[in-house]
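In our numbering, the protein residues as written are 228 to 517.
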């Protein structure tokens, strides 16, 4: 077996095959933090990998754009240049600033068509100067033919074809330029599914294949202060991970107006590691109540 494994690694590179239970950082790769400590740990390499395609998907208001903006903020802290292709025309600069994004150096584009958005993405990636590029969202990348057509026109498969073609072009240049491209995606329902999940993401199957990391983000509850809701409890599942063993799951709080609650995460991780003790509703560290 060892001989076969080493032959595979020689032929296809280190990390092409691994044991699911191994916790080592299998691939030495540059990463950018997601702004969430527990998610960085779950990804196995300390963040999202550079030079790869990432997909973040989930229902509405689950924290997809928040996660992407926090990743931009972390990349900017390291001196990186970031771009945001806002196909939904819904970026809130005030919220982005609160999450730590430097708006002065952030490149933003609000394209009219899906083709234009993906051409801009391709040009920025090929420049080699951009570290993180976010496309928000795949569902809003409307093909030119659809925009120029009438309401109610049936144009099957146009968006899927557009995405498939774009990703074929993008993959090699993303890898060379070490630019991380994050695609935010929405969820749709399949019709007539009796067994299994009826959920699917928009834009065909190409992105599922080309993405190195896929994150499924869901709101699972509300964070309340007395009666007032001040944030969301969020669960993120690493559905696909080519860099480390996948299927890890983490939960954290996203507070309105400030992003992922770092304090809450530290306490939770402290309890998990046995550094912080929990008794009832109280937490204590070194016999001292927090």
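All C-beta atoms, glycine included, are put in the ideal place defined by N, C-alpha and C.
Keep in mind the model is a prediction, meaning the values are calculated, not measured.
For residue 284, the pairing in a beta bridge is given by DSSP as 412, 443. The Cβ-Cβ distance between residue 467 and residue 269 does not fall below 9 angstroms. The stretch 304–316 makes contact with the stretch 334–341, as at least three CB pairs between them are under 8 angstroms. A distance below 9 angstroms separates the beta carbons of residue 295 and residue 283. In the structure shown, residue 356 adopts coil according to DSSP, grouped into three states. For the alpha helix (DSSP H) assignment, the uninterrupted runs of no fewer than 4 residues enclosed by the stretch 358–400 are, from N- to C-terminal side, 371–375. Residue 349 and residue 396 do touch by the CB rule: their CB atoms are close to 6 angstroms apart, below 8 angstroms.
Within the stretch 429–474, the complete beta strand (DSSP E) segments of 3 residues or longer fall at 440–452, 455–468, listed in chain order. Look at residue 322 here: in three-state DSSP terms it is helix.
Around residue 434, the same chain offers 280, 282, 365, 390, 394, 410, 412, 428 as residues with beta carbons nearer than 8 angstroms, after the five sequence neighbours per side are excluded.
Apart from the 5 residues on each side of it in sequence, residue 454 has no Cβ closer than 7 angstroms to any other Cβ in its chain. In the structure shown, residue 239 adopts helical secondary structure according to DSSP, grouped into three states. Going by C-alpha positions, residue 384 is about 8 angstroms away from residue 430. When the alpha-carbon of residue 472 is set against those of 245, 238, 323, 278, the nearest one is in 245. For residue 481, the three-state secondary structure derived from DSSP is strand. Excluding sequence positions up to five before and after residue 368, its CB lies within less than 6 angstroms of the CB of 314, 341, 344, all in the same chain and listed in chain order. Taking 9 angstroms as the cut-off, the Cβ atoms of residue 263 and residue 485 do not count as close. Under the DSSP definition of a beta bridge, residue 335 partners with 311. Sorting 452, 496, 482, 438 by C-alpha distance to the C-alpha of residue 470 places 438 at the top.
Exposure of residue 304 is indicated by the presence of fewer than 16 other C-beta atoms within 10 angstroms of its C-beta. Under the DSSP assignment, residue 511 falls in the beta strand (DSSP E) whose first and last residues are 509–512. Note on residue 515: under 16 other CB atoms within 10 angstroms of its CB, so exposed under the neighbour-count rule. Counting along the chain, the unbroken alpha helix (DSSP H) around residue 265 starts and ends at 264–269. Within the same chain, Cβ atoms closer than 6 angstroms to the Cβ of residue 478 are found at 462, the five residues on either side in sequence being excluded.
In chain order, 285, 289, 462 place their CB closer than 6 angstroms to the CB of residue 445, counting only its own chain and leaving out the 5 sequence neighbours on each side. Taking 9 angstroms as the cut-off, the beta carbon of residue 293 is found no closer than this to the beta carbon of residue 275.
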